[in-house]
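Just below is one structure, and these are the notes that go with it.
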Amino acid sequence: MIITDARARSGAGPRRLEITTRAPRAREPSAARRVAPALALALTIGPGAACGDSDGETSPASEASAVATAATDATNATAATTSVGTTSVGATTEDATETETAGADDGATLVHSFGTYSLAPAEETQPCVQWTLDNDAPVYINRVTLANDGAFHHSNWFVVPETEFAGPDGFFKCSDRGFGELEAAVAGTVLFAQSTQSRWEEQDLPEGVVIKAPPRHKVITSAHLLNLSTEPLETELRMSLDIIHPRDVDVVAKPFRLTYYDLDIPAQQRSRFTGACEFYQHYESTAKVPLDLKLYHVLPHYHYLGDHFTLEIIGGPNDGKNLFTLDGFNGDGNGATFDPPVDLTGAKGLRFTCGYNNWTPNNVGWGIGDQEMCVMLGLADSKALMDIRVSDGSEIVGVEDGVVMNEGPCTVLAFPPNAAQGPPTQEEIDGPLYVPPTQDGDVGLPPVDPCVDADPNVPADGPATLTSIRETIFTPSCTFSACHGGPASVHGLDLSAADLHGELLGHAVAADVDIPLVAPGDPEGSWLYQLVSRCEPQDKGGVTKSHMPLNAPTLLDDRAVAKLRAWIEDGAPAN
Numbered sequence: 072m073i074i075t076d077a078r079a080r081s082g083a084g085p086r087r088l089e090i091t092t093r094a095p096r097a098r099e100p101s102a103a104r105r106v107a108p109a110l111a112l113a114l115t116i117g118p119g120a121a122c123g124d125s126d127g128e129t130s131p132a133s134e135a136s137a138v139a140t141a142a143t144d145a146t147n148a149t150a151a152t153t154s155v156g157t158t159s160v161g162a163t164t165e166d167a168t169e170t171e172t173a174g175a176d177d178g179a180t181l182v183h184s185f186g187t188y189s190l191a192p193a194e195e196t197q198p199c200v201q202w203t204l205d206n207d208a209p210v211y212i213n214r215v216t217l218a219n220d221g222a223f224h225h226s227n228w229f230v231v232p233e234t235e236f237a238g239p240d241g242f243f244k245c246s247d248r249g250f251g252e253l254e255a256a257v258a259g260t261v262l263f264a265q266s267t268q269s270r271w272e273e274q275d276l277p278e279g280v281v282i283k284a285p286p287r288h289k290v291i292t293s294a295h296l297l298n299l300s301t302e303p304l305e306t307e308l309r310m311s312l313d314i315i316h317p318r319d320v321d322v323v324a325k326p327f328r329l330t331y332y333d334l335d336i337p338a339q340q341r342s343r344f345t346g347a348c349e350f351y352q353h354y355e356s357t358a359k360v361p362l363d364l365k366l367y368h369v370l371p372h373y374h375y376l377g378d379h380f381t382l383e384i385i386g387g388p389n390d391g392k393n394l395f396t397l398d399g400f401n402g403d404g405n406g407a408t409f410d411p412p413v414d415l416t417g418a419k420g421l422r423f424t425c426g427y428n429n430w431t432p433n434n435v436g437w438g439i440g441d442q443e444m445c446v447m448l449g450l451a452d453s454k455a456l457m458d459i460r461v462s463d464g465s466e467i468v469g470v471e472d473g474v475v476m477n478e479g480p481c482t483v484l485a486f487p488p489n490a491a492q493g494p495p496t497q498e499e500i501d502g503p504l505y506v507p508p509t510q511d512g513d514v515g516l517p518p519v520d521p522c523v524d525a526d527p528n529v530p531a532d533g534p535a536t537l538t539s540i541r542e543t544i545f546t547p548s549c550t551f552s553a554c555h556g557g558p559a560s561v562h563g564l565d566l567s568a569a570d571l572h573g574e575l576l577g578h579a580v581a582a583d584v585d586i587p588l589v590a591p592g593d594p595e596g597s598w599l600y601q602l603v604s605r606c607e608p609q610d611k612g613g614v615t616k617s618h619m620p621l622n623a624p625t626l627l628d629d630r631a632v633a634k635l636r637a638w639i640e641d642g643a644p645a646n
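Last residue of the sequence shown: 646 (my numbering), numbering continuous.
See the structure below:
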């Protein structure tokens with residue numbers, strides 16, 4: 072079955088869905104916006120096209136040691152703070168007081184800017200950042216949207232009591248407050264995870280399925296940022312939360328995680344790593360009922376060498392059934408929502424596989440930077456929290472079609488959910504929608520800034536040379552998302568090529584246009600310039616294509632676009 076979603080409409084190419092996940096819901100101005108879902112079980116994103124048409128198209132041991140303490144403390148957590156969250160509600164007054172949505176008791180949208188983070192050239196860092204919701208009553212979050220201006224490699228988000236990891240809102244050094252992801256998940260719950268290098272992403276759960284933020288909670292994350300440019304960079308981070316009325320809540324989702332830590336990815340080879348994890352006994356021991364988990368959302372995570380992920384059922388009536396497959400790597404949002412959910416009743420567990428194409432001359436292991444990861448977040452209707460990992464013992468079990476196959480034993484940590492993560496009370500169901508207060512600074516802030524075409528009158532930022540363009544535009548914005556770097560570059564356009572000049576001037580444009588990628592002396596007659604300077608570039612048939620970078624809600628800074636324009640105007644020299 073082939074369908075075309077928003078990315079395909081704008082030139083990213085179709086996404087192939089097998090049995091298909093629920094199509095994105097149409098959204099109206101008010102917050103209670105639902106449409107009938109498409110039945111769904113397995114998603115496959117094809118390599119290349121999923122990345123967009125370039126031519127217009129903490130260690131496992133330390134985490135485990137903290138679980139018992141965190142789990143014991145979580146159910147007794149209370150909170151009191153004077154911090155005020157900076158939020159915006161879909162349609163608010165100009166006061167910094169209680170806010171209301173436009174004419175409805177059904178839902179609201181909270182929007183918050185975390186401000187900008189400054190990165191030096193080639194800086195890599197892992198800060199934490201938090202937003203205090205300042206909520207006196209629970210809020211039930213059905214959709215999360217995250218947007219940034221680039222350099223955010225990934226981020227994992229939680230809601231926790233205000234007293235956990237105490238300190239003021241904003242960015243901070245994680246170790247200064249003893250922040251740990253597993254501790255955060257147990258003290259509160261998982262809210263959201265960002266796909267690798269995605270600039271814009273929605274986690275849109277089915278109707279009635281929510282993440283709960285109990286009273287006096289805050290949103291917190293550990294983020295991984297990387298500036299590959301030779302110039303300083305400032306990037307803004309913004310989040311919006313769609314909340315629904317307690318009477319509309321059917322399921323308070325609980326998180327679980329699959330991780331393959333024991334990676335040893337051989338140089339200049341393709342390889343895959345599989346964990347066949349049976350956890351039904353751990354679930355039953357913790358939940359006191361047989362495995363009855365119902366899966367609503369999954370999101371895999373690997374880095375630029377990753378080219379494959381699969382998730383399958385082990386045991387039961389659907390033994391071996393493929394739930395999710397992702398092929399290739401891109402900077403897009405790659406989560407999948409299941410509506411209706413995948414029911415694991417009668418099953419024994421899940422099998423997950425990460426695949427890699429290590430074209431580098433070095434072996435690669437687990438880590439940040441030039442290392443790799445293999446993680447999957449799941450959100451489910453579950454009576455137990457589970458952290459499932461392959462920490463050691465990985466072995467080569469064969470070679471299939473030139474791919475080195477590895478498997479390792481699974482370790483399962485299971486513990487009861489936080490008692491605060493229960494369903495709405497009758498008082499909440501009978502009462503009005505509660506919306507947390509907002510501050511003046513974020514009133515009227517949209518979830519994502521509107522895209523505006525580049526201003527051709529803005530001067531270039533720095534020298535208009537091809538070397539500078541490679542270092543300040545192509546490397547951080549085009550090859551960072553792996554669409555146009557290395558052997559799997561989309562449509563063969565490798566912007567990391569040694570002969571970049573020849574690559575640009577000799578590339579055959581795949582889009583339906585009558586102009587070359589670069590026309591020396593003529594920016595407007597260059598398809599590359601149109602892609603980065605127009606929010607809605609169009610081919611000769613008037614079909615709107617995706618602007619670049621892929622999945623960026625807005626264009627590059629006007630000064631960066633001006634640099635490309637000036638270089639083309641100067642005749643596109645090999646400088």
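All residues carry an ideal CB built from backbone N, CA and C; glycine is no exception.
>> Applying the 10 Å Cβ sphere with the 16-neighbour rule, what's the burial state of residue 265?
In response: buried
> Exposed or buried, residue 396, counting other C-beta atoms within 10 Å across all chains shown (16 or more means buried)?
Replying inline: buried
> So what's residue 573 in DSSP terms, helix, strand or just coil?
Replying inline: helix
> Is residue 634 helix, strand or coil when you go by DSSP?
Replying inline: helix
> Is residue 406 near the ligand NAP, with its Cβ less than 6 Å from a heavy atom?
Replying inline: What this structure holds is no ligand at all, so the ligand NAP is not there to describe.
> Do residue 381 and residue 455 have their C-beta atoms within less than 7 Å of each other?
Replying inline: no
> Among the residues of its own chain, which have a CB less than 6 Å from the CB of residue 643, if the five just before and after it don't count?
Replying inline: 589 and 591
> Which same chain residues, not among the five before or five after residue 338, have their C-beta less than 7 Å away from its C-beta?
Replying inline: In its chain, beyond the 5 residues on either side, 429, 431, 432, 433 and 434 have a beta carbon closer than 7 Å to the beta carbon of residue 338.
>> Quick test of your reading: residue 267 and residue 187, contact by CB under 8 Å. State the CB separation rounded to the nearest angstrom.
In response: About 22 Å; that fails the 8 Å criterion.
>> On the criterion of 16 or more Cβ atoms from any shown chain inside 10 Å, does residue 426 qualify as buried, or is it exposed?
In response: buried
> DSSP beta-bridge partners for residue 230?
Replying inline: Per the DSSP secondary-structure output, residue 230 pairs in a beta bridge with 260 and 290.
> From what residue to what residue does the beta strand (DSSP E) around residue 300 run?
Replying inline: No beta strand (DSSP E) holds residue 300; DSSP gives it neither H nor E.
>> Taking 7 Å as the threshold (C-beta atoms), are residue 407 and residue 367 in contact?
In response: no
>> What does DSSP give as the partner residue(s) for residue 423 in the beta ladder?
In response: 346 and 382
> With 16 as the cutoff for other CB atoms within 10 Å, does residue 282 come out buried or exposed?
Replying inline: buried
>> I'd like to know whether the C-beta atoms of residue 483 and residue 353 end up nearer to each other than 7 Å.
In response: It is a contact, given that the beta carbons lie within the stated cut-off.
>> For the beta strand (DSSP E) containing residue 414, name the first residue and the last one.
In response: 407-414
> Alpha carbon to alpha carbon, how far is residue 115 from residue 299?
Replying inline: Below a pLDDT of 50, predicted positions are generally treated as unreliable, and residue 115, at 32, falls in that range; the measurement from the model is reported next regardless. Residue 115 and residue 299: Cα-Cα distance of roughly 30 Å.
> Curious, which full-length alpha helix (DSSP H) runs of at least 4 residues does the segment 305-383 contain?
Replying inline: Within the segment 305-383, the complete alpha helix (DSSP H) runs of at least 4 residues are 351-358.
> Taking the continuous beta strand (DSSP E) assigned at residue 505, which residues delimit it?
Replying inline: Neither: residue 505 is in no beta strand (DSSP E) and is coded neither H nor E.
> For residue 599, which three-state DSSP category applies?
Replying inline: helix
> With a CB to CB cut of under 8 Å and the five nearest residues on each side skipped, what residues in its chain are close to residue 209?
Replying inline: 283, 284, 285, 286, 317, 495, 499 and 505
> Taking just the CA atoms, how far does residue 481 sit from residue 459?
Replying inline: 7 Å
>> residue 248 and residue 241 - do their beta-carbons sit closer together than 7 Å?
In response: no
> How would you write the range of the alpha helix (DSSP H) that residue 448 sits in, first residue to last?
Replying inline: Per DSSP, residue 448 belongs to no alpha helix (DSSP H); it is in the beta strand (DSSP E), 446-452.
>> So the candidates are 375, 257 and 203; which of them puts its Cα closest to the Cα of residue 290?
In response: 203
>> Looking only at its chain, what residues have a beta carbon closer than 6 Å to the beta carbon of residue 424, apart from the 5 residues adjacent to it on each side?
In response: 343, 345 and 381
> Roughly how many angstroms separate the alpha carbons of residue 600 and residue 195, rounded to a whole number?
Replying inline: 29 Å
> Between the C-alpha atoms of residue 417 and residue 393, what's the straight-line distance to the nearest angstrom?
Replying inline: 16 Å
> According to DSSP, is residue 255 helix, strand or coil?
Replying inline: Three-state DSSP puts residue 255 in a helix.
> Helix or strand or just coil, what does DSSP make of residue 214?
Replying inline: strand
>> Bridge partners for residue 457 per DSSP, in chain order?
In response: Bridge partners of residue 457 according to DSSP: 327 and 485.
> When the distance is taken between beta carbons, is residue 582 closer than 7 Å to residue 565?
Replying inline: No, they are not a contact pair.
>> Given a cut-off of 7 Å on the beta-carbon distance, is the pair residue 637 and residue 531 in contact?
In response: yes
> Around the C-beta of residue 410, are 16 or more other C-beta atoms found within 10 angstroms, so that it is buried, or is it exposed?
Replying inline: buried
> Within 10 angstroms of its Cβ, does residue 246 collect 16 or more other Cβ (buried), or is it exposed?
Replying inline: It is exposed - the Cβ of residue 246 has fewer than 16 other Cβ atoms within 10 Å.
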